[in-house]
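> Next up is a structure, given as structure tokens.
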Amino acid sequence: MFDISFDYFFWVVALGTMALGFASGIIGTTIVLEGQSQLGDAIGHSVYPGVIIAFMLFQTRNSLVLLLGAIVVGYIAYVLINWIHKYSHFAYESVLALVLSSFFSLGLMLYRIVQTNPKFQSVNFSGLDNYIMGQAAFLTQFDVNVILIVAVIIALIFWLYYPKIKIYLFDKTFAETIAINTKFINYILLTLSLLAIVIGLQAVGTKLISSMLVAPVVGAMQWTNNYPKTIFLSGFFGLFAGFMGTLLSTNISDLATGPTIVVVLSGIALVSVFIGPKGLLGSYVLRKRGVVS
């Protein structure tokens with residue numbers, strides 16, 4: 477299992493999934509703290525038609541082109557969610573479910589058109605369905621390069637705006653009083669979340685990408701109340717899960733890489749919920765000691 481030192485294929489995939497896990501863990505802290513975990517799931521599903529539309533327009537499977545299409549449609553989905561919520565009486569969760577199912581169904585319908593329309597038969601469309609469930613085992617060097625570059629961009633922008641992001645997350649009213657443009661910060665966070673989502677489509681797919689954003693944060697928050705430490709732990713958990721998921725799926729037959737990564741992440745989160753200082757066991761010990769009621 478551990479004879480991977482010179483396995484080029486393993487390290488190509490592992491670098492991609494580790495970078496994805498790290499970037500998702502970092503930006504996931506903002507999603508969880510804002511209580512927008514369901515929004516991440518909705519956007520994750522909603523970007524799939526963007527992949528298919530980009531393929532139909534440019535008739536190429538270039539991952540960069542397809543991911544740009546996903547970003548555009550992701551923005552459209554976000555604007556539509558907020559517009560419907562603002563001008564209707566529906567609950568926010570209902571709007572998310574409506575947009576999620578509508579956009580994802582549109583993507584499936586468009587993919588069927590690609591499969592059956594003679595116009596697209598001369599173009600290799602195989603692999604477009606991998607964006608649904610993910611297929612990390614088929615990541616190419618180019619795909620991994622895109623993931624690495626985007627992950628670095630996410631980390632750099634997050635670091636650049638970190639002081640304002642921190643104030644925005646914990647006290648929006650105070651942020652506005654000290655002239656922080658909260659709408660701009662909101663769109664910065666949306667953009668970073670979208671970038672994390674779209675680079676994860678090939679690895680874990682639209683159905684599992686929200687877990688990459690939420691699970692490492694849930695685990696990290698069981699160990700500390702300190703936000704910088706939460707960011708570090710969440711990024712580390714995502715990175716570690718990317719490595720372990722790739723390692724296990726490479727060496728155990730019939731294991732898909734994306735789901736294995738999510739299972740590892742979920743395991744980390746569950747263990748943290750039980751044994752972390754802020755988790756069930758930690759809270760129980762504090763209650764027994766009379767520290768908390």
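Residue numbering for the sequence shown is 477 to 769, as defined by this note's numbering. Quick reminder that beta carbons are idealized off the backbone N, C-alpha and C, glycines included. Source: prediction; values computed, not measured.
In whole angstroms, give me the CA-to-CA distance for I728 and E652.
52 Å
> Helix, strand or coil: how does DSSP classify Q514 here?
helix
> Please go through the stretch 568-596 and give each complete alpha helix (DSSP H) segment of 4 or more residues, from N-terminal end onward.
568-592
> I think I529 touches V549, with their Cβ atoms under 8 Å apart; what is that distance to the nearest whole Å?
7 Å
> Whose C-alpha, out of T536, I673 and L584, is nearest the C-alpha of S687?
I673
> Find the nearest neighbour of A612 within the set P639, L756 and L724, judged by alpha-carbon distance.
L724
> Given a cut-off of 7 Å on the beta-carbon distance, is the pair D619 and Q678 in contact?
Taking 7 Å as the Cβ cut-off, D619 and Q678 qualify as a contacting pair.
> Roughly how far, in whole angstroms, is the beta-carbon of L668 from the beta-carbon of F634, given that I think they are within contact range, below 8 Å?
6 Å
> By the three-class DSSP mapping on this structure, what secondary structure does M477 have?
Residue placement at M477 is poorly supported in this model, since its pLDDT is 49, which falls under 50; the coordinates still yield a value, given next. Coil, per DSSP.
> Near L574, which residues of its chain fall below 8 Å by C-beta distance, leaving aside the five closest residues on each side in sequence?
I560 and F566
> Can you list, in chain order, the stretches of the alpha helix (DSSP H) that have 4 or more residues and sit fully within the stretch 595-642?
606-609 and 617-636
> For V738 and V508, what's the separation of their Cα atoms in angstroms?
17 Å
> To the nearest angstrom, report how far apart L731 and S564 are at their CA atoms.
44 Å
> Spatial neighbours of I643 within its chain, please: CB distance less than 7 Å, with the 5 preceding and 5 following residues excluded, ordered by chain position.
F650, A651 and I656
> Relative to the alpha-carbon of M585, which residue among L540, L572 and M532 has its alpha-carbon at the smallest distance?
Proximity to M585 across L540, L572 and M532 peaks at M532, based on C-alpha coordinates.
> Assign G681 to one of three DSSP states: helix, strand, or coil.
coil
> If I follow the unbroken alpha helix (DSSP H) through G721, where does it start and stop?
From DSSP, the alpha helix (DSSP H) with G721 extends over Y703 to N727.
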